[in-house]
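Peer 1: Just dropping this structure here.
Structure below.
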């Protein structure tokens with residue numbers, strides 16, 4: 098078996114089936130997860146797990162590695178090790194875009210709030226169901242519609258309402274944040290492409306010329322929802338230390354907003370987005 102296969106087998110053997118909700122009473126030949134159980138939890142075939150552990154399969158994609166990491170409850174360091182074994186080590190001059198297992202777990206625990214995870218250039222990477230129900234399903238648009246900077250400066254249709262002063266402050270904060278990102282990742286080609294596109298707009302060029310540097314930490318939002326009406330939210334941004342991922346958590350500003358989020362959470366995304 099290769100090193101990747103050995104690692105998967107070791108992590109599988111150590112995980113208590115009860116931790117992932119599997120019955121403890123059935124006879125088990127292994128202390129940890131069976132191969133089929135890992136396959137089911139990760140959403141892949143059992144045969145592929147067998148081939149990986151025996152070194153007979155091509156290295157898994159980054160998405161499969163992340164599925165393994167979540168299924169096996171790996172730490173962030175272990176997840177990074179798994180990605181390196183599979184040949185997916187991030188280049189030091191590229192913006193990190195892999196969402197660690199710990200961040201996935203945080204998002205899962207914040208199910209009562211709309212939560213999104215963005216990279217350092219404000220590309221949306223991950224979100225919870227309530228985020229989609231509140232702001233609209235991100236999968237219905239392309240990558241351009243999942244970048245906050247392009248969304249804002251290209252005036253794309255949005256449920257978010259802003260006063261002129263709020264819009265100005267929000268845009269100034271985003272641009273200052275992007276300026277800081279360019280110094281952290283000066284050789285990232287995706288940032289260069291993003292800047293080239295944003296510079297087509299007069300408003301962005303005007304703000305970029307100010308050379309302000311800062312972190313975007315939050316904003317007030319009014320979401321004009323087509324089903325439940327206006328929702329007043331406070332948006333708070335938490336940044337991960339090593340990867341500069343942005344965890345955006347939206348919390349209700351009043352009891353009316355809280356009750357509307359609860360309604361959206363109860364009904365879910367399917368009905369709320371069916372007519373969008």
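In my numbering, the protein residues as written are 98 to 373.
All C-beta atoms, glycine included, are put in the ideal place defined by N, C-alpha and C.
1) For a minimum of 3 consecutive residues, which ranges assigned as the beta strand (DSSP E) are wholly contained in the region 293 to 356?
2) Quick check on residue 369: does DSSP put it in helix, strand or coil?
3) Can you look up residue 183 in the DSSP assignment and give me helix, strand or coil?
4) Measuring CA to CA, which of 361, 315, 339, 360 is closest to residue 345?
5) With distance defined between alpha-carbon atoms, name the residue in 106, 216, 114 nearest to residue 271.
6) Please say whether residue 329 and residue 354 have beta carbons closer to each other than 8 Å?
7) Indicate the three-state DSSP secondary structure (helix, strand or coil) for residue 213 in the structure shown.
8) Taking the continuous beta strand (DSSP E) assigned at residue 223, which residues delimit it?
9) So, at 8 Å on beta carbons, what are the nonlocal neighbours of residue 104 in its own chain, with the 5 sequence-adjacent residues on each side left out?
10) Alpha carbon to alpha carbon, how far is residue 152 from residue 98? Give it in angstroms, no decimals.
11) Going by other Cβ atoms of all chains shown within 10 Å of its Cβ, with 16 needed for buried, is residue 261 buried or exposed?
12) Whole-angstrom Cβ separation of residue 200 and residue 336, contact assumed at under 8 Å?
13) Is the separation between the beta-carbon of residue 347 and that of residue 235 shorter than 8 Å?
14) Alpha carbon to alpha carbon, how far is residue 128 from residue 173?
15) Determine whether the beta carbon atoms of residue 221 and residue 229 lie at a separation below 8 Å.
16) If I'm right that residue 285 touches residue 192 with Cβ under 8 Å, what's the distance once you round it to whole angstroms?
17) Report the rounded CA-to-CA distance for residue 268 versus residue 293, giving the unit in angstroms.
18) If residue 231 and residue 320 are in contact, beta carbons under 8 Å, what's the gap, nearest whole angstrom?
19) Would you call the CB atoms of residue 377 and residue 132 closer than 8 Å?
20) What separation, rounded to the nearest whole angstrom, lies between the Cα atoms of residue 63 and residue 111?
21) Alpha helix (DSSP H) containing residue 278: first to last residue?
22) Residues in its own chain within less than 6 Å of residue 196 by CB, not counting five upstream and five downstream?
23) In three-state DSSP terms, what is residue 141?
24) Is residue 98 helix, strand or coil by DSSP?
25) Could you tell me the distance, in whole angstroms, from the CA atom of residue 114 to the CA atom of residue 357?
Peer 2: With the given structure in hand:
1) 315 to 322, 326 to 336, 343 to 349
2) Translated into positions along the chain shown, residue 369 becomes position 272. Here residue 369 scores only 46 on pLDDT, less than 50, and its place in the model should not be relied on; the value that follows carries that caveat. The answer is helix: DSSP assigns residue 369 an H, G or I state.
3) As a working note, residue 183 is residue 86 in the chain shown. Residue 183 falls in the coil class under three-state DSSP.
4) Residue 345 sits at position 248 when you count from the first residue of the chain shown. With distances taken between Cα atoms, residue 345 lies closest to 315.
5) Within the chain shown, the letter at position 174 stands for residue 271. Checking every option, the nearest Cα to that of residue 271 belongs to 216.
6) Position 257 of the chain shown, counted from the start, is the residue given in the question as residue 354. Position 232 of the chain shown, counted from the start, is the residue given in the question as residue 329. Cβ distance < 8 Å, so residue 354 and residue 329 count as in contact.
7) As a first step, residue 213 is located in the chain shown; it is residue number 116 there, counting from the start. In the structure shown, residue 213 sits in a strand (DSSP, three-state: E or B).
8) To locate residue 223, count along the chain shown from 1; it is residue 126. That run of the beta strand (DSSP E) goes 221 to 224.
9) In the chain shown, residue 104 corresponds to position 7, counting from 1. Excluding positions up to five away in sequence, the list reads 178, 179, 182.
10) Residue 98 sits at position 1 when you count from the first residue of the chain shown. Residue 152 sits at position 55 when you count from the first residue of the chain shown. With a pLDDT of only 49 at residue 98, under the threshold of 50, the placement of this residue in the model should not be trusted; the figure read from the coordinates follows. Their backbone Cα atoms lie some 5 Å apart in a straight line.
11) Looking up residue 261 in the chain shown gives position 164. Exposed, because fewer than 16 other Cβ atoms sit within 10 Å of the Cβ of residue 261.
12) Start at 1 with the first residue of the chain shown, and residue 200 comes out as number 103. Start at 1 with the first residue of the chain shown, and residue 336 comes out as number 239. Going by Cβ atoms, the distance from residue 200 to residue 336 rounds to 11 Å, so no, they are not a contact pair.
13) Reading the chain shown from its first residue, position 250 is the one you call residue 347. Reading the chain shown from its first residue, position 138 is the one you call residue 235. Contact: no.
14) Within the chain shown, residue 128 is the residue found at index 31, counting from 1. Within the chain shown, residue 173 is the residue found at index 76, counting from 1. Between residue 128 and residue 173, the C-alpha separation is close to 23 Å.
15) One-based indexing of the chain shown puts residue 221 at position 124. One-based indexing of the chain shown puts residue 229 at position 132. No.
16) Indexing the chain shown from 1 puts residue 285 at position 188. Indexing the chain shown from 1 puts residue 192 at position 95. Indeed they touch by this definition, with Cβ atoms about 5 Å apart.
17) For this step, residue 268 is matched to residue 171 along the chain shown. For this step, residue 293 is matched to residue 196 along the chain shown. For residue 268 and residue 293, the distance between alpha carbons rounds to 17 Å.
18) The residue you call residue 231 lines up with position 134 of the chain shown. The residue you call residue 320 lines up with position 223 of the chain shown. With a Cβ gap of about 6 Å, residue 231 and residue 320 count as contacting.
19) Given that the chain is displayed from residue 98 to residue 373, the structure contains no residue 377 and the question cannot be resolved.
20) Any answer about residue 63 is impossible in this case: the structure gives the chain only from 98 up to 373.
21) For the purposes of this step, residue 278 is taken as the residue at position 181 of the chain shown. 261 to 281 is the span of the alpha helix (DSSP H), which, as asked, contains residue 278.
22) The count along the chain shown starts at 1 and reaches residue 196 at position 99. Result list for residue 196: 214, 222, 223, in chain order.
23) In the chain shown, counting from the first residue as 1, residue 141 sits at position 44. Coil.
24) Taking the chain shown and counting its residues from 1, one reaches residue 98 at position 1. Legend: pLDDT at residue 98 = 49, less than 50; position of this residue unreliable, no value from coordinates given.
25) In the chain shown, residue 114 corresponds to position 17, counting from 1. In the chain shown, residue 357 corresponds to position 260, counting from 1. Residue 114 and residue 357: Cα-Cα distance of roughly 37 Å.
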